[in-house]
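Start counting the sequence shown at 1; every next residue gets the next number (UniProt numbering).
Heads up: the structure comes next, in structure tokens.
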Amino acid sequence: MRLSYGLSFWSTKGQWVTNLSQPCLRGSSGLFVPPSPPLNPEKVKEFQRFITLSKKLLVMTGAGISTESGIPDYRSENVGLYARTTRRPIQHSDFVRNAAIRQRYWARNFVGWPQFSSHQPNPAHWALSTWERLGKLHWLVTQNVDALHTKAGSQRLTELHGCMHRVLCLDCGAQTPRGALQERFQDLNPHWGAEAQGLAPDGDVFLSDEQVQSFQVPSCLRCGGPLKPDVVFFGDTVDPAKVDFVHSRVKEADALLVVGSSLQVYSGYRFTLTAQDKKIPIAILNIGPTRSDHLACLKLNSRCGELLPLIDPQ
Ligand SMILES: [Zn+2]
1 MRLSYGLSFW STKGQWVTNL SQPCLRGSSG LFVPPSPPLN PEKVKEFQRF ITLSKKLLVM
61 TGAGISTESG IPDYRSENVG LYARTTRRPI QHSDFVRNAA IRQRYWARNF VGWPQFSSHQ
121 PNPAHWALST WERLGKLHWL VTQNVDALHT KAGSQRLTEL HGCMHRVLCL DCGAQTPRGA
181 LQERFQDLNP HWGAEAQGLA PDGDVFLSDE QVQSFQVPSC LRCGGPLKPD VVFFGDTVDP
241 AKVDFVHSRV KEADALLVVG SSLQVYSGYR FTLTAQDKKI PIAILNIGPT RSDHLACLKL
301 NSRCGELLPL IDPQ
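What follows is the structure, encoded as structure tokens:
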């Protein structure tokens with residue numbers, strides 16, 4: 001399984017780093033959202049019917065739901081990170097094995113955190129939270145690590161790939177809030193931050209080798225072990241117990257709605273296979289093709305934040 005996210009991307013050329021949360025909200029959130037056709041009223045009606053008929057709806061979300069909050073995805077044509085940059089996510093094995101790589105990762109993550117953590121839910125997140133409150137939602141599964149569903153109040157939620165807002169000790173497994181780590185970074189690097197504010201025109205942050213090497217990375221307060229964001233990096237696998245849990249929720253559901261995911265990553269795709277196996281109808285809301293379009297009874301190429309708030313969950 002291959003996954004990704006995080007604040008930092010290795011550049012093939014050196015030390016430039018993408019700040020994922022580069023503001024793009026000058027009047028609209030369109031920078032990272034692929035173009036989509038106008039809403040088709042007939043399709044909206046069909047979608048409303050799909051939602052109305054379901055009494056135990058499982059929703060699975062991906063990066064496409066957060067692009068309208070200003071967080072770019074990876075795979076969208078022209079606007080995704082893969083299309084716009086040469087940067088690629090960090091590999092799990094590199095992070096675990098190499099202290100220098102962890103130091104560079106955390107230095108960049110420290111710089112990007114204030115913006116990344118400030119992103120807010122958009123109308124699509126709020127709609128799903130409302131559906132839960134009104135009893136429409138059986139369970140919500142997200143591939144995102146941005147905490148936006150939690151910020152919108154969703155509770156019946158599995159974060160399949162973890163969450164950037166938590167930190168994990170690689171040795172003892174202790175979980176701590178990422179916000180608290182930011183304070184420890186600041187305490188250990190009181191003069192470092194001021195030097196690291198060189199923003200390039202495209203929002204990248206330049207960190208020299210000297211800056212990275214002088215960056216002090218705190219370790220676990222309980223055991224002194226190395227810290228890692230509580231997310232599944234590329235090359236790592238999702239906890240099997242979590243996968244089993246989601247499979248169970250899918251089997252209990254009477255409909256599956258995929259929102260903002262191309263399902264290219266197997267960790268999400270497999271749940272559509274389970275739904276198909278159990279003859280659970282699938283609807284997909286995503287701009288652009290997905291790996292499971294052929295399994296879906298309904299496919300909508302619309303903006304999540306435009307369409308979901310139009311649907312009456314009752
Ligand atoms: Zn520890």
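Yeah, the Cβ is synthetic: ideal placement off N, Cα and C, and Gly gets one too.
Fill in: Pick from H161, A283, V250 that is closest to F234, judged by C-alpha positions
H161
Discussion item. Considering only their Cβ atoms, is the gap separating R166 from D230 smaller than 8 Å?
Written reply: yes
Worksheet item: So, helix, strand or coil for T176, using DSSP?
Response: strand
Worksheet item: By the 10 Å Cβ neighbour count, where 16 or more other Cβ atoms means buried, how is R97 classified, buried or exposed?
Response: exposed
Worksheet item: For T61, which three-state DSSP category applies?
Response: strand
Worksheet entry | N- and C-terminal bounds of the beta strand (DSSP E) containing C163 | 162–169
Discussion item. Taking contact to mean 3 or more Cβ pairs, one atom from each stretch, closer than 8 Å, check whether the stretch 43–60 and the stretch 139–147 are in contact.
Written reply: yes
Discussion item. Quick check: what's the CA-CA separation for P114 versus K278?
Written reply: 43 Å
Item to complete: Say whether the stretch 221–230 touches the stretch 248–257, bearing in mind that this needs 3 or more beta-carbon pairs closer than 8 Å, one atom from each stretch.
Response: no
Fill in: According to DSSP, residues forming a beta bridge with E159
T142
Practice prompt. Have a look at L300 and T150 and give me their C-alpha separation to the nearest angstrom.
Written response: 25 Å
Worksheet item: Is the CB-CB distance between T290 and S261 below 8 Å?
Response: yes
Worksheet item: Grouping DSSP H, G and I as helix and E and B as strand, with all else coil, what is V259?
Response: strand
Worksheet entry | 6 Å Cβ shell around R303 - same chain, five flanking residues per side excluded | S36
Fill in: I287 (DSSP reduced to helix, strand or coil)
coil
Discussion item. Looking at the strands, I want to know which residues DSSP matches up with P34.
Written reply: DSSP, once it has assigned bridges, lists no residue as partnering P34.
Practice prompt. Enumerate in chain order the residues of its own chain whose CB-to-CB distance from S93 is below 7 Å, with the five nearest sequence positions on each side excluded.
Written response: G235
Fill in: Cβ neighbours of G305 in the same chain (closer than 7 Å, five flanking residues each side left out)
E68, N122, P123, A124
Discussion item. So, under 8 Å CB-CB, V212 and Q91 are touching, yes? Tell me the CB distance rounded to an integer number of Å.
Written reply: Not confirmed; about 18 Å, so no contact.
Worksheet item: Is V246 helix, strand or coil by DSSP?
Response: helix
Discussion item. Does the beta-carbon of D230, which I'm using as the reference point, lie nearer than 7 Å to any heavy atom of ligand 1?
Written reply: no
Practice prompt. Pull up the distance between the alpha-carbon of D209 and that of A296, whole angstroms please.
Written response: 49 Å
Worksheet item: Mind checking C169: buried by the 16 CB within 10 Å criterion, or exposed?
Response: buried
Item to complete: Would you tell me roughly how many angstroms separate the C-alpha atoms of F50 and A283, rounded to the nearest one?
Response: 8 Å
Worksheet item: Would DSSP call L207 helix, strand or coil?
Response: coil
Discussion item. Residues in the same chain with beta-carbon distance under 6 Å from W126, minus the five sequence neighbours each way, listed in chain order, please.
Written reply: A152
Discussion item. On the DSSP letters alone, give me the boundaries of the alpha helix (DSSP H) that residue 325 sits inside.
Written reply: Limits of the chain in this structure are 1 at one end and 314 at the other, which puts residue 325 out of reach.
Discussion item. To test your reading of the DSSP string, which unbroken alpha helix (DSSP H) runs of 4 or more residues are found completely within the stretch 88–130?
Written reply: 92–97, 99–116
Worksheet item: In terms of residue numbering, what span does the beta strand (DSSP E) encompassing P229 cover?
Response: 227–231
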